[in-house]
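Visitor: Quick one: the structure is below, and I'll ask about it shortly.
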Amino acid sequence: TRYVYRFGGGVNDGGNGNKNLLGGKGANLDGMASIGLPVPPGFTITTEMCTRYYVDGEVYPDSLNAEVAGGIAHIEGVTGKRFGDQADPLLVSVRSGARVSMPGMMDTVLNLGLNDRTVIGLASASGDERFAWDSYRRFIQMYSDVVLELDHGAFEEALEIAKEDQGYTLDTEMTADDWKGLVAEYKTIVEKQWGKPFPQDVNDQLWGAISAVFGSWQADRAKVYRRLNDIPGDWGTAVNVQAMVFGNMGDTSATGVAFTRDPATGENVYYGEFLINAQGEDVVAGIRTPQYLTTAARERAGAKPLSMEEAMPETYAELAKVFNILETHYRDMQDIEFTVQQGKLWMLQTRSGKRTAKAALKIAVDMAGEGLITQEEAVARVDPAALDQLLHPTLDPKAPRDVLTKGLPASPGAASGIVVFDADTAERRNELGDAVILVRTETSPEDIHGMHAAKGILTARGGMTSHAAVVARGMGRPCVSGAGSMSIDAKAKTLRIGGRELTEGDIVTIDGSTGEVMAGEVPTVQPELAGDFGTLMVWADKVRRLRVRANAETPQDCKTAREFGAEGVGLCRTEHMFFDAARITAVRQMILADSEKGRRDALEKLLPEQRDDFAQIFMVMAGLPVTIRLLDPPLHEFLPHEEAEFAEVAKAAGVGVDELRRRASELHEFNPMLGHRGCRLGVTYPEIYEMQARAIFEAALIVKKRSGAAPIPEVMIPLVATRRELELMKAIVDRVAQEVFAEQADSVEYLTGTMIELPRAALKAGEIAEVGEFFSFGTNDLTQTTIGISRDDAGRFLGSYVDKGIFPRDPFVSIDVEGVGELIELAAERGRKTRPGIKLGICGEHGGDPASIAFCEQTGLDYVSASPYRVPIARLAAAQAAL
Ligand code: PEP
Ligand code: MG
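Numbering-wise, the sequence shown is residues 13 to 895 according to UniProt numbering.
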């Protein structure tokens with residue numbers, strides 16, 4: 013097997029990039045080389061090598077040595093310099109590069125190949141002694157940090173002291189001799205911390221860096237990131253070794269990062285930052301404030317330092333040309349790193365740029381409009397889960413704002429929450445149910461878990477391409493970065509901002525679309541659903557087969573659902589209507605009654621209320637099917653649980669406190685989820701389902717008269733296990749329907765069906781379909797009863813189950829395809845055999861989960877039903893599943 017692929021200098025061994033083999037970065041370097049863009053020569057060690065390295069017990073095959081040497085020879089051939097040469101040394105960068113970009117892994121070592129002797133060669137070859145020694149100290153610092161994993165604080169401190177001693181404030185004031193002195197200090201620090209002198213052999217340096225990249229694949233941070241993002245552990249990472257080019261060789265040199273379109277808004281304008289006379293990490297690290305790429309962006313921001321367009325017009329024009337070539341080649345928005353060395357442009361990296369949901373949408377729709385991609389590709393490009401960001405409220409523009417400061421609008425959306433200063437606290441407080449804003453000077457890959465737990469992220473340093481900004485956009489968390497007027501004391505847990513001091517637990521609001529940071533909680537408004545969002549939804553609707561309904565039980569929810577494009581209600585949980593303050597007393601009287609007569613009297617009071625609920629829902633959902641589920645939860649849920657409430661409730665219900673207490677303890681169940689609930693209530697108290705059925709049909713006839721459009725009720729019986737249960741319940745529904753139709757001399761079409769929520773129901777679906785006219789998979793209960801894990805308590809240990817790979821994802825979030833999925837397939841097949849064309853849907857939480865929706869498409873269900881806000885996600889996911 014070949015493990016090393018060369019690129020640059022007219023060579024591209026990878027044949028235009030295979031991401032799985034070469035990793036994202038390697039594949040695109042190869043790709044850029046293949047279309048003739050200026051890429052410094054280099055080579056990629058494949059991801060297969062990484063996988064093999066771990067399989068073999070962290071050793072390399074003998075052949076790798078020669079292959080790597082061949083790679084170095086290639087770079088030497090193209091550059092005319094030799095690795096380790098004392099007169100004019102070749103320096104290289106070493107970078108990791110998995111299939112997908114992965115924060116948490118070793119990133120980059122620059123200037124590799126410098127040692128006590130080559131630094132002198134570099135000084136004379138470049139004619140710039142200061143540059144050479146600055147490069148050497150950068151190399152020692154970086155190598156010590158990422159390869160030797162020494163404490164980087166010591167190096168930073170030494171630099172600070174060196175500057176202080178000379179009375180400097182800026183790094184740029186350091187002279188060649190100052191750097192030389194610092195290099196000596198750095199070497200002492202290394203020897204002290206590492207126990208060995210800093211490696212002088214350039215090949216030792218190279219292999220150290222290669223092993224560090226492979227080693228970082230199994231670092232805890234990388235594992236956490238993989239778990240959060242469903243990235244398999246056996247993908248491995250590639251290693252890219254590439255000739256160094258220098259952006260820090262004076263004022264005709266520069267380095268920068270750019271997006272071919274605005275990653276925040278999606279606008280078709282170049283977006284980027286650059287620094288003159290600097291090296292790559294200076295831009296990302298936020299040490300110096302970068303300059304804008306374009307004049308338009310500079311002017312919009314009111315910034316003074318010249319844009320690249322102004323400072324280096326010719327190179328800028330060349331760069332713009334490269335942007336267009338890259339977009340045409342990759343047919344997507346690109347995120348680029350470049351360096352200008354003494355006027356010559358070099359491309360160091362390109363990849364599909366991370367973007368906000370808003371930008372993803374706009375870019376997909378725009379590119380389809382430009383003819384760069386098809387409408388189907390546009391549909392496939394947008395991550396359904398990311399739509400969440402767009403569907404959620406933003407700050408009410410009219411609400412008063414107590415603005416503390418303004419930073420960069422790094423990732424859009426608004427979030428309020430309590431201030432916390434470290435990732436662990438963020439995680440802990442989030443688990444306790446607090447909304448959290450993580451406030452850091454700047455974030456690093458160690459903060460990933462806290463960023464994930466937070467509702468929003470606020471940093472004092474760093475630009476739009478800082479770690480915080482990039483990661484937050486990827487996660488869909490609102491983020492304000494670089495709020496420079498803020499000073500954080502993470503130890504004391506305080507934050508000085510706008511002349512005020514906040515402490516941990518104080519509430520702030522951040523607006524990631526404007527960069528504003530506000531004190532307290534600011535109210536929000538609903539999102540705008542027209543424009544690009546509407547266009548993409550139309551395209552998605554053209555390709556999807558699955559229908560999308562909503563789980564909704566109030567007219568307001570139904571309205572929201574319709575606005576989001578729901579094609580019916582898939583689950584109206586009627587018990588939610590019983591909790592209404594005006595009704596709960598009648599509900600309790602019904603529960604407390606000790607005779608059928610008493611229950612009927614109480615139900616009589618509920619009937620007009622339920623009828624009114626259903627009439628309103630039918631009005632909103634005019635002409636669309638509405639699945640109404642009859643009462644499901646165990647009755648004790650409606651009784652008070654706190655002793656303090658008993659007296660008041662007893663009085664309201666007109667019974668004694670003792671009587672109430674006695675009934676409550678009678679109804680107590682050890683295992684209520686497996687108890688007296690669902691159709692079991694209808695079996696023992698048929699009058700409850702009778703009342704509900706009457707309310708449904710009377711409401712349907714009222715709405716039919718009022719609107720002319722007959723509603724389409726689908727009466728759904730919960731928690732059925734046997735054919736006989738459904739038969740008994742359906743008999744009630746049909747009898748009441750006939751009574752109401754006779755009374756009113758009018759009728760509507762309706763269906764009576766069942767939820768499939770129990771393994772027995774799935775197994776006996778063939779028989780149950782003899783009675784039931786539709787099935788709706790209640791995958792919340794079906795998951796709970798199939799795996800035997802309580803849906804209410806599983807959170808405590810399911811994390812370990814996912815960590816240990818027992819389930820790929822939380823089975824209550826994404827269907828356990830192998831287990832629960834098999835029951836669904838079997839029930840669908842058996843149900844269809846008895847009743848060809850039986851209507852099949854899903855109404856558990858999974859109905860809004862893209863992976864589960866893909867499964868529903870495969871199984872050929874007719875519809876999925878999701879909560880109103882997830883309806884657009886479901887529409888898009890259903891379209892992608894059909895593509
Ligand atoms: C289900 O069990 O999947 C379901 C939709 O019903 P509920 O969540 O109300 O139990
Ligand atoms: Mg259920």
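For every residue, glycine included, the Cβ atom is placed at its ideal position computed from N, Cα and C.
Computed from a prediction, not measured in an experiment: that's the story for all the values here.
1. Is the distance from the Cβ of Ala309 to the Cβ of Val555 below 8 Å?
2. Closer than 6 Å by C-beta to Ala135: which residues in its own chain qualify, once you throw out the five before and the five after it? Chain order, please.
3. Please name the residue in Val727, Arg735, Val783 and Leu402 whose C-alpha comes closest to that of Val760.
4. So, are the CB atoms of Gly524 and Pro424 less than 8 Å apart?
5. My output table needs one value for Arg18: the three-state DSSP class, helix, strand or coil.
6. For the ligand PEP, is there any heavy atom lying closer than 7 Å to the beta carbon of Asp793?
7. Is Gln98 helix, strand or coil by DSSP?
8. For the alpha helix (DSSP H) that contains Lys418, what are its first and last residues?
9. Between which two residues does the alpha helix (DSSP H) holding Glu657 run?
10. Check whether the region 696-716 touches the region 663-680, taking contact to mean three or more Cβ pairs, one atom from each stretch, closer than 8 Å.
11. Give the secondary structure of Glu587 by DSSP, where H, G and I count as helix, E and B as strand, and everything else as coil.
12. Any contact between the region 397-411 and the region 312-331? By contact I mean 3 or more CB pairs, one from each, below 8 Å.
13. Is the beta carbon of Asp68 within less than 7 Å of some heavy atom of the ligand FAD?
14. Do you know offhand how far Tyr813's Cα is from Gly116's?
15. State the DSSP-derived secondary structure class of Glu349, mapped to helix, strand or coil.
16. What did DSSP end up calling Ser525 once you bin it into helix, strand or coil?
17. Are the Cβ atoms of Pro50 and Trp551 separated by less than 8 Å?
18. Looking at the structure shown, is Phe286 part of a helix, part of a strand, or coil, going by DSSP?
19. According to DSSP, what are the bridge partners of Trp358?
20. Under three-state DSSP, which class holds Ala495?
21. Would you say the region 857-871 touches the region 820-827, given that touching needs at least three Cβ pairs under 8 Å?
22. Can you give me the start and stop residues for the alpha helix (DSSP H) that Ser864 sits inside?
23. Going by Cα to Cα distance, which pick from Asp146, Gly474 and Ala484 is closest to His461?
24. Taking C-alpha atoms, which residue in Ala221, Ser228 and Ser147 lies nearest to Asp190?
25. Verify the contact flag: Glu769, CB atom, against every heavy atom of the ligand PEP, threshold strictly below 7 Å.
26. Is it a yes or a no for the region 629-647 touching the region 569-582, going by three-plus beta-carbon pairs under 8 Å?
27. So within the region 219-303, which uninterrupted alpha helix (DSSP H) runs reach at least 4 residues, ignoring any that extend past its ends?
28. Evaluate Val529 with the Cβ neighbour count: other Cβ atoms within 10 Å of its Cβ, from every protein chain shown; 16 or more gives buried, anything less gives exposed.
29. Buried or exposed: Pro880, going by 16 or more other Cβ atoms within 10 Å of its Cβ?
30. Name the two residues that bound the continuous beta strand (DSSP E) containing Ile729.
31. Answer yes if the region 491-509 comes into contact with the region 423-442, meaning at least three C-beta pairs across the two stretches below 8 Å, and no otherwise.
32. Thr267 and Thr351 - do their beta-carbons sit closer together than 8 Å?
33. Is Leu643 a contact residue of the ligand PEP, with contact defined as CB to any heavy atom under 7 Å?
34. Hey, quick one: how far does the beta strand (DSSP E) through Ala427 stretch, first residue to last?
35. Does the distance from the C-beta atom of Val214 to that of Asn123 stay below 8 Å?
Guide: On the basis of the data shown:
1. no
2. Glu141 and Ala144
3. Val727
4. yes
5. strand
6. yes
7. coil
8. Per DSSP, Lys418 belongs to no alpha helix (DSSP H); it is in the beta strand (DSSP E), Val415 to Lys418.
9. Glu655 to Ala665
10. no
11. helix
12. no
13. For the structure depicted, the ligand FAD is absent and the ligand set comprises only the ligand PEP and the ligand MG.
14. 23 Å
15. strand
16. coil
17. no
18. strand
19. Thr351
20. coil
21. yes
22. Pro862 to Thr871
23. Ala484
24. Ser147
25. yes
26. yes
27. 232-240 and 292-297
28. buried
29. buried
30. Ile724 to Ile729
31. yes
32. yes
33. no
34. Ala426 to Val432
35. no
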